[in-house]
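Novice:
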């Protein structure tokens, strides 16, 4: 082989990957027909489907073993995400696992978030800012992680923010950190900027 020729890599799925993909494809085929998708349009969320998905281990797989999860790879998570998209499943799994992985990185993930009993949401904007921002699952989340100026902050609301009507039927809401009932600073200054930027720009979520 010419020394300048690029090495050919095998990116085909392993047997374990294929088994995982098939398991979730069958799960959504059985539990997420189009009727379920349509019925969830008003809220953008099907709680029963979410609980079934959590029982499959879909939330625990995303978190490192050191924090009570199963330590799945990004390939594993991508395969699950593809099946969620294929079925148009009305569950905020991608938002939740991104938030859970960031919380684990910050040493602040709770067992109920790992299990999916509590829904976590994430403000995905990389630039620091203030004021209200649209959060894709903000109207159903139990806790929301945002960048507020130079800090990474965990918010909770006694009354969840109202759902914003949107063409994608997502449980989207305007979330203002200043209106939160509780506000916990998880990281500040350079540490906060470094962690969130790395997680949001490198695919580490």
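Numbering (my numbering), first residue to last: 60 to 264. We put the beta carbon where it would ideally sit given N, CA and C, even for glycine. Just so we're clear, the structure is a prediction, and the values are computed from it rather than from any experiment.
List the whole-angstrom C-beta distance separating residue 180 from residue 203, where the pair is believed to meet the contact cut-off of C-beta under 8 angstroms.
Specialist: 5 angstroms between Cβ atoms; contact.
Novice: With residue 233 as the anchor, note down where its alpha helix (DSSP H) starts and where it stops.
Specialist: No alpha helix (DSSP H) holds residue 233; the beta strand (DSSP E) holding it covers 232–234.
Novice: Tell me the residue span of the beta strand (DSSP E) that contains residue 242.
Specialist: Per DSSP, residue 242 belongs to the beta strand (DSSP E) from 241–246.
Novice: How far does the beta strand (DSSP E) with residue 214 in it reach, from first residue to last?
Specialist: Element bounds for residue 214: 210–215.
Novice: Taking the beta strand (DSSP E) that residue 206 belongs to, which residues open and close that run?
Specialist: Element bounds for residue 206: 202–207.
Novice: Determine the burial state of residue 145: buried for a count of at least 16 other Cβ atoms within 10 Å of its Cβ, exposed for fewer.
Specialist: Per the 10 Å Cβ criterion, exposed.
Novice: Should residue 118 go down as buried or exposed, given a rule of 16 or more other Cβ atoms within 10 Å for buried?
Specialist: So residue 118 counts as buried.
Novice: Out of 173, 134, 93, 102, which one is the CA nearest neighbour of residue 80?
Specialist: Minimum Cα distance to residue 80 is reached at 134.
Novice: For the segment 224–241 against the segment 114–128, are there 3 or more C-beta pairs whose distance is under 8 angstroms?
Specialist: Judged by Cβ distances under 8 angstroms, the segment 224–241 makes no contact with the segment 114–128, as fewer than three pairs qualify.
Novice: Contact between the segment 168–179 and the segment 77–93 is defined here as three or more beta-carbon pairs at a separation below 8 angstroms; is this criterion met?
Specialist: Because the criterion of three Cβ pairs below 8 angstroms is not met, the segment 168–179 and the segment 77–93 do not touch.
Novice: Is it the case that the Cβ atoms of residue 211 and residue 165 are separated by a distance below 8 angstroms?
Specialist: Closer than 8 angstroms, so yes.
Novice: Once DSSP output is grouped into helix, strand and coil, what is the label at residue 229?
Specialist: Correct three-state label for residue 229: coil.
Novice: In whole angstroms, what separates the C-alpha of residue 215 from that of residue 85?
Specialist: About 35 angstroms.
Novice: Note down the Cα distance separating residue 75 from residue 130, rounded to an integer number of angstroms.
Specialist: Going from the Cα of residue 75 to the Cα of residue 130 covers about 14 angstroms.
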